[in-house]
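Below is one structure, written out as structure tokens; the observations come after it.
Numbering (the UniProt record's numbering), first residue to last: 1 to 86.
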């Protein structure tokens, strides 16, 4: 299994490994451009980590002057005092 750890001293992230004979983990870039860590053991696959947690994590999802809130529907809105173009 692989684990990400953040060093509080320098702010860097480190990837550590603990090897298992019957398990495989690997990074994959999915069709949405999201980097995921997949873990496969005994024929089962599972995503154990994802770079993007919501659609709002995608840069520019709501345009240059929009704001994004994954708890709202729709997730994109304008700042107070502004209106959408279209």
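From the three backbone atoms N, C-alpha and C, an ideal C-beta is built for every residue, glycine too.
For residue i, three-class secondary structure by DSSP
i, result
"residue 57", "helix"
"residue 64", "coil"
"residue 23", "strand"
"residue 28", "strand"
"residue 79", "coil"
"residue 71", "coil"
"residue 131", "Here the chain comprises residues numbered 1 to 86, so residue 131 is not present and cannot be evaluated."
Beta-carbon contacts of residue i that lie in its chain and below 8 Å, excluding the five residues immediately before and after
i, result
"residue 44", "none"
"residue 23", "1, 39, 40, 41"
"residue 34", "50, 51, 52"
CB of residue i within 7 Å of CB of residue j, strictly
i, j, result
"residue 25", "residue 39", "yes"
"residue 54", "residue 36", "no"
"residue 76", "residue 60", "no"
Sequence-distant residues of the same chain with beta carbon closer than 6 Å to residue i, five excluded per side
i, result
"residue 46", "39"
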